[in-house]
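Visitor:
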Amino acid sequence: MAGSRDFAVLDLQNNSDDLGVDLQFQDFGEARTQPAIVSSSSSQHEQTIHFSEFPDSATDENEQEKIGPMIKRQKKDGHSTPLLPLHPAEVHVAAILPEGVHGLVNLTQVVVLQVKEKQYTSRAVKDLSQKLPVSSLSHLKRVRRIPTVRNESECQKSDLVTVKPDKMFVYLSFVEEFGILCFKEFGDDNIMPVSSEDAARVIAILNEKKVDLSLFSNKVFVSRVARYAPKVREMYDKVAPLWPCSFHEDSYLTRLSSDDFFSQEKVNMIVKHMNKAIELGYKANEEGNPAVGVVMVDHQSGQVVSAAKDSRLIHPLQHAVMVAIDYIAYRQGGGVWVHNNLPLIEESLYGPCGINDIYTSTSNIELGQVVENIGCIEEFRSNSLEDLKTRNAEEIGMNSMTTYICTGIDVYITHEPCMMCAMALLHSRVHRIFYCCPDLQLGALGSITKLHTLPGINHRYEVFMVTPTK
């Protein structure tokens with residue numbers, strides 16, 4: 001039926017004694033959908049409905065071209081290309097942190113008034129705090145002082161006998177609250193005057209709120225400020241010159257955002273496990289699946305507890321992460337796929353090796369014998385995960401029967417997980433996640449969102465992106 005369209009003839013038999021639906025498929029060539037035939041004298045209503053835009057067979061190249069571009073893009077983009085192996089000396093491991101912790105500063109704009117006299121500042125702050133509070137900007141100081149004379153050289157050049165007092169500014173609220181459009185450019189003082197129409201609107205709103213306008217000058221300004229409280233020194237140094245704000249450094253985030261969070265030995269171990277995940281991705285790609293591989297490692301012992309490659313051709317839910325989690329559940333008496341002879345780990349991930357031959361080729365062994373530490377091979381006995389589960393339970397003061405299956409596990413995955421996989425890792429309570437390639441369309445740990453940083457979730461794991469520097 002290549003080259004034709006598929007339609008369905010839906011025959012609804014409305015006989016009260018024998019109600020049923022008869023669905024038939026016919027080839028109508030270039031026919032179009034026909035309107036329903038409704039007859040008051042007949043109990044049967046027949047309607048031809050458009051069933052599919054695609055031919056039932058798309059093996060021919062000409063028929064493939066008729067498939068929409070979005071369908072073909074889903075097959076070719078994203079995870080289809082295997083990654084190249086990494087080298088420890090040529091990688092950069094960077095944490096995926098909440099917005100505003102590093103990188104670009106998240107700014108917003110506020111309406112600003114100038115206090116007439118410096119001695120009125122305290123009264124102005126108290127009045128605004130009572131009549132115009134802005135809880136979402138509590139990290140900002142209400143007042144900003146702009147010195148009239150900026151440095152000694154300017155003071156020496158000045159012919160003034162007395163130096164003019166500093167200018168004192170206070171912010172009111174977001175520009176959107178007053179119907180003012182954001183400015184695109186600002187001067188060195190980060191203060192821009194608004195139009196007379198906007199100023200009149202601001203004064204009218206302040207009068208409605210009974211703000212004491214005698215404390216302020218008649219001019220209205222706009223200023224840029226930090227949208228969120230800075231948590232690391234790097235961000236504070238960027239936003240403080242714009243407008244004063246409180247700063248309570250988060251030492252953990254500061255250390256996490258630094259380039260030396262991991263030692264070189266740990267970087268070598270990260271690259272080692274990531275390269276094994278890349279090998280699994282190659283195997284998945286050879287089978288026609290996305291080139292995604294996953295290796296799960298006990299954070300404390302360094303023992304590999306699970307490894308998987310993508311198997312979406314077997315089942316659409318069998319993303320590599322889901323298969324790896326299910327394998328751990330299987331070893332603990334659960335799981336839904338492994339007992340159906342799903343080939344999770346067909347080869348040894350690591351051969352006998354020392355620190356200098358990390359990239360040893362794999363060899364075939366039975367499922368259940370996979371795993372080793374960096375210096376030696378250990379047999380992956382059936383009770384290894386149960387021991388891991390019990391030990392993790394003791395560490396967090398819980399009974400082994402109530403411990404989550406992936407507590408204390410680090411995950412190495414070739415590509416950024418989608419929302420389904422990221423949530424599965426969250427509910428499994430993994431410790432850390434490392435990935436190489438971002439997924440700009442579906443990635444849930446840095447691309448379209450940062451799941452691990454969202455408010456309201458009941459577990460937070462650390463996420464790192466491993467990228468080659470050359």
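At position 253 of the sequence shown (counting the first as 1) the number is 253 in the UniProt record's numbering, and the numbers step up by one without a gap. Where a beta carbon is used, it is the ideal one built from N, C-alpha and C, also for glycine.
1) How should residue 428 be labelled, buried or exposed, when 16 other C-beta atoms within 10 angstroms of its C-beta is the threshold for buried?
2) Checking the sheet assignment: what are the DSSP bridge partners for residue 434?
3) Does the separation of the CB atoms of residue 321 and residue 414 fall below 7 Å?
4) Alpha carbon to alpha carbon, what distance is there between residue 408 and residue 402?
5) Could you check the C-alpha separation between residue 357 and residue 253 for me, to the nearest Å?
6) Using DSSP with H/G/I as helix, E/B as strand and the rest coil, what is residue 263?
7) Taking buried to mean at least 16 other C-beta atoms within 10 Å of its own C-beta, is residue 237 buried or exposed?
8) In this structure, how does DSSP classify residue 439 when only helix, strand and coil are distinguished?
9) Put residue 130 into one of helix, strand or coil per three-state DSSP.
10) Out of curiosity, what's the CA-to-CA distance linking residue 248 and residue 185?
11) State buried or exposed for residue 68, treating a residue as buried only when at least 16 other CB atoms are found within 10 Å of its CB.
12) Pull up the distance between the alpha-carbon of residue 301 and that of residue 87, whole angstroms please.
13) Could you check whether the stretch 269-282 touches the stretch 309-320, counting it as contact only if at least three pairs of C-beta atoms, one from each stretch, sit closer than 8 Å?
14) What's the C-alpha gap between residue 313 and residue 96?
15) For residue 145, report the span of its beta strand (DSSP E) as first-last.
16) My understanding is that residue 443 touches residue 465, with C-beta atoms under 8 Å, so please give their C-beta distance in whole angstroms.
17) Can we say the stretch 452-459 touches the stretch 253-264, given the rule of at least three CB pairs closer than 8 Å?
18) Could you check the C-alpha separation between residue 192 and residue 200 for me, to the nearest Å?
19) Taking the C-alpha atoms as reference points, what is the distance between residue 405 and residue 259?
Guide: With the structure as the only source:
1) Residue 428 comes out buried.
2) Per DSSP, 412, 464.
3) Pairing residue 321 with residue 414 gives a Cβ-Cβ distance that is not under 7 Å.
4) With a pLDDT of 45 at residue 402, under the threshold of 50, the modelled position of this residue cannot be trusted; read the value that follows with caution. Between the alpha carbons of residue 402 and residue 408 lies a distance of about 14 Å.
5) Low local confidence applies: a pLDDT of 29 at residue 357 is under 50, so the model's placement there is unreliable, with the coordinate-based value given in what follows. Whole-angstrom Cα-Cα distance: 34 Å.
6) It is coil, neither helix nor strand.
7) It counts as exposed.
8) The answer is coil: DSSP assigns residue 439 none of H, G, I, E or B.
9) It is helical.
10) Each residue's Cα considered, the two are about 30 Å apart.
11) Confidence in residue 68 is poor, its pLDDT being 47 and thus under 50, which makes the residue's placement unreliable; the coordinate value appears in the next sentence. Of the other Cβ atoms in all chains shown, fewer than 16 fall within 10 Å of the Cβ of residue 68; this residue is therefore exposed.
12) Each residue's CA atom was taken as its position, placing residue 301 and residue 87 some 23 Å apart.
13) These segments touch.
14) Whole-angstrom Cα-Cα distance: 31 Å.
15) Element bounds for residue 145: 143-146.
16) Between residue 465 and residue 443 the Cβ distance is about 10 Å, and since that is not below 8 Å, they are no contact.
17) Proximity of the stretch 452-459 to the stretch 253-264 falls short of the contact definition, fewer than three beta-carbon pairs being nearer than 8 Å.
18) Approximately 16 Å between the Cα atoms of the pair.
19) When rounded, the distance between both Cα atoms is 31 Å.
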